[in-house]
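These protein sequence lines map, in sequence, to chains P and W.
Residue 1 is where the first sequence starts when you use this note's numbering, and the numbers rise one by one after that.
Residue 1001 is where the second sequence starts when you use this note's numbering, and the numbers rise one by one after that.
Glycine included, each C-beta is placed from N, C-alpha and C at the ideal position.
Report on the structure given below.
2 protein chains.
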Amino acid sequence: MGVTRVYSYTLAGKAGVTPEQVRKDFSEYGIKGNRRGGYLTESLVREIEVIFSRDRESNVVVVGMGNLGQALSRYERFAGRGINIVATFDIDPYKHKSRSDIHVYPMERLEEITERFGVTVAIIAVPEISAQEVCDDLVNLGVRGIVNFSPVLLKVPQYVVVNNVNLSDEIESVILSVRRMKDEQSLFL
Amino acid sequence: MGVTRVYSYTLAGKAGVTPEQVRKDFSEYGIKGNRRGGYLTESLVREIEVIFSRDRESNVVVVGMGNLGQALSRYERFAGRGINIVATFDIDPYKHKSRSDIHVYPMERLEEITERFGVTVAIIAVPEISAQEVCDDLVNLGVRGIVNFSPVLLKVPQYVVVNNVNLSDEIESVILSVRRMKDEQSLFL
DNA sequence: GATCTATTGTGAAACAATTCACAAAATACA
DNA sequence: TGTATTTTGTGAATTGTTTCACAATAGATC
């Protein structure tokens, strides 16, 4: 875009944080700018790409091809961030055979495919009841990171990272905030 | 389930936090237990339901019926949390006409329907390019809370709450953690 | 009913994150 | 080239959160 330098306050404005935050974070990771000259976009982008491992791609599988799993497997935005959905799985792959999309494999082929693609990160989008079982299988096959869309607290060894995403919680928190704001407002009437 | 009392450590174990955390949080909201007797499940559930507004339902709309919007509109788990998806919208409702699901309305009917159902919270699942415009429309129609699945920082008046959910970020953070753990481990070799 | 024990409730302490404030340095400009 | 100005980089101060530690007390036990 022809911009050669950015300043902490420029980035802060775009990101919705304070300039100090931007500078502290950069400083933490050894990113240096020029006093008075700001940060050079070109080298900044390169350094951030390295920090976020954007210089390498990651092969990821999705387990559970219900509505959410299908949406995730078709999510175009992952590609630009080095996230490759290499395969998807479901106990009943025929039920969810999707036109013009990544193939849905039966659970039996989990081992073969995680091995082939060197998968270490998986997305769990199965129903509550089978989440722990799927998780155990994945961990046994060498998966070390899990993004968990099921509403259960997965039990994993300490060397496995779990990130829980709960869509109901996300919406509920907004509903609560809105209600609180309204309550506060009505105090002035 | 026949359980009449629970203890802070029971709940903490299930939730993956410390017992102190549970007690501090309860204390913050005026929930009292009995020393030595723990918390009475029945009254505890009631109090939590009030705090989380689970005693009332909320009408919510989904704007943008791509893959993610469709998945969200079919997400069964919302119902049990007092979250009612009352309508969904898309610029091209015919493209996404889904069998046996909530009707997809054209954007022109946003006003009519938000008014009819008293909608104050909306989910934005439209492409990046149209997110701010949709957001402005919603705010003008009285929406005061937004769950934003698009990767843009929405500009809203201070009286509007925005919760950003970025699926790429969620997955990337796990990828990063896994890579860091591996790097640490290889130091011991 | 007296004593013992488990659990709460909460100040105080420790820890973590954010903001402030300003010296140091690079650029702009005369 | 010298001076003025802008922006970084970061210690110090502040603010926020989590953990500790223990008195208070309800319930269990004898």
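As assigned by DSSP and simplified to three states, the class of residue i
{"i": "W:Tyr-1007", "result": "coil"}
{"i": "P:Gly-80", "result": "helix"}
{"i": "P:Ala-122", "result": "strand"}
{"i": "W:Ser-1150", "result": "coil"}
{"i": "W:Val-1162", "result": "strand"}
{"i": "W:Leu-1191", "result": "Residue 1191 of chain W falls outside the range modelled here, since chain W spans only 1001 to 1189, and no answer is possible."}
{"i": "W:Gly-1145", "result": "strand"}
{"i": "P:Val-156", "result": "coil"}
{"i": "P:Val-104", "result": "strand"}
{"i": "W:Thr-960", "result": "Here chain W comprises residues numbered 1001 to 1189, so residue 960 of chain W is not present and cannot be evaluated."}
{"i": "P:Asp-92", "result": "coil"}
{"i": "W:Val-1086", "result": "strand"}
{"i": "W:Pro-1019", "result": "helix"}
{"i": "W:Gly-1013", "result": "helix"}
{"i": "P:Leu-187", "result": "coil"}
{"i": "W:Gly-1002", "result": "coil"}
{"i": "W:Lys-1182", "result": "helix"}
{"i": "P:Arg-109", "result": "helix"}
Distance between residue j and residue i (C-alpha atoms, nearest Å)
{"i": "P:Pro-93", "j": "P:Val-104", "result": "5 Å"}
{"i": "P:Val-50", "j": "P:Arg-81", "result": "12 Å"}
{"i": "W:Val-1063", "j": "W:Val-1121", "result": "11 Å"}
{"i": "P:Arg-54", "j": "W:Ser-1177", "result": "14 Å"}
{"i": "P:Val-45", "j": "W:Val-1174", "result": "21 Å"}
{"i": "P:Thr-114", "j": "W:Gly-1142", "result": "48 Å"}
{"i": "P:Glu-108", "j": "P:Asn-140", "result": "14 Å"}
{"i": "P:Glu-184", "j": "P:Val-161", "result": "39 Å"}
{"i": "W:Glu-1128", "j": "W:Cys-1135", "result": "11 Å"}
{"i": "W:Gln-1070", "j": "W:Gly-1033", "result": "43 Å"}
{"i": "W:Glu-1112", "j": "P:Glu-20", "result": "44 Å"}
{"i": "P:Leu-72", "j": "P:Pro-151", "result": "17 Å"}
{"i": "P:Glu-170", "j": "W:Val-1022", "result": "20 Å"}
{"i": "W:Val-1003", "j": "W:Tyr-1009", "result": "15 Å"}
{"i": "W:Arg-1036", "j": "W:Phe-1052", "result": "27 Å"}
{"i": "W:Phe-1117", "j": "W:Leu-1110", "result": "11 Å"}
{"i": "W:Gly-1013", "j": "W:Pro-1106", "result": "47 Å"}
{"i": "P:Val-138", "j": "P:Ile-91", "result": "The amino acid at residue 138 of chain P is misidentified as Val; the sequence shows Leu. If I take the Cα positions, the gap works out to 14 Å."}
{"i": "W:Asp-1025", "j": "W:Val-1119", "result": "30 Å"}
{"i": "W:Glu-1095", "j": "P:Lys-95", "result": "In the sequence under discussion, the amino acid at residue 1095 of chain W is Lys, which differs from the Glu named in the question. Using only the alpha carbons, I get a separation of about 22 Å."}
{"i": "P:Tyr-29", "j": "W:Glu-1076", "result": "42 Å"}
{"i": "P:Gly-66", "j": "W:Tyr-1007", "result": "36 Å"}
{"i": "P:Lys-97", "j": "P:Ala-15", "result": "39 Å"}
{"i": "W:Met-1181", "j": "P:Ser-27", "result": "22 Å"}
{"i": "W:Val-1156", "j": "W:Ser-1168", "result": "23 Å"}
{"i": "W:Arg-1179", "j": "P:Glu-133", "result": "24 Å"}
{"i": "P:Ser-43", "j": "W:Ser-1043", "result": "58 Å"}
Cβ neighbour criterion (16 or more within 10 Å) applied to residue i
{"i": "P:Tyr-159", "result": "exposed"}
{"i": "P:Leu-68", "result": "buried"}
{"i": "P:Phe-78", "result": "buried"}
{"i": "P:Gly-145", "result": "buried"}
{"i": "P:Leu-154", "result": "buried"}
{"i": "W:Thr-1018", "result": "exposed"}
{"i": "P:Leu-11", "result": "buried"}
{"i": "W:Leu-1187", "result": "exposed"}
{"i": "W:Tyr-1039", "result": "buried"}
{"i": "W:Ala-1131", "result": "buried"}
Whole-Å CB distance - residue i paired with residue j, under 8 Å assumed
{"i": "W:Asn-1163", "j": "W:Val-1147", "result": "5 Å"}
{"i": "W:Thr-1041", "j": "W:Arg-1005", "result": "7 Å"}
{"i": "P:Glu-172", "j": "W:Ile-1102", "result": "The Cβ separation is near 20 Å, so there is no contact."}
{"i": "P:Ile-124", "j": "P:Phe-149", "result": "6 Å"}
{"i": "P:Val-60", "j": "P:Val-86", "result": "7 Å"}
{"i": "P:Ile-31", "j": "P:Glu-57", "result": "Not really, about 23 Å apart at Cβ, beyond 8 Å."}
query = What are the uninterrupted segments assigned as alpha helix (DSSP H) that are 4 or more residues long and contained completely in the segment 1021–1065 of chain W, given in chain order?
reply = 1041–1051
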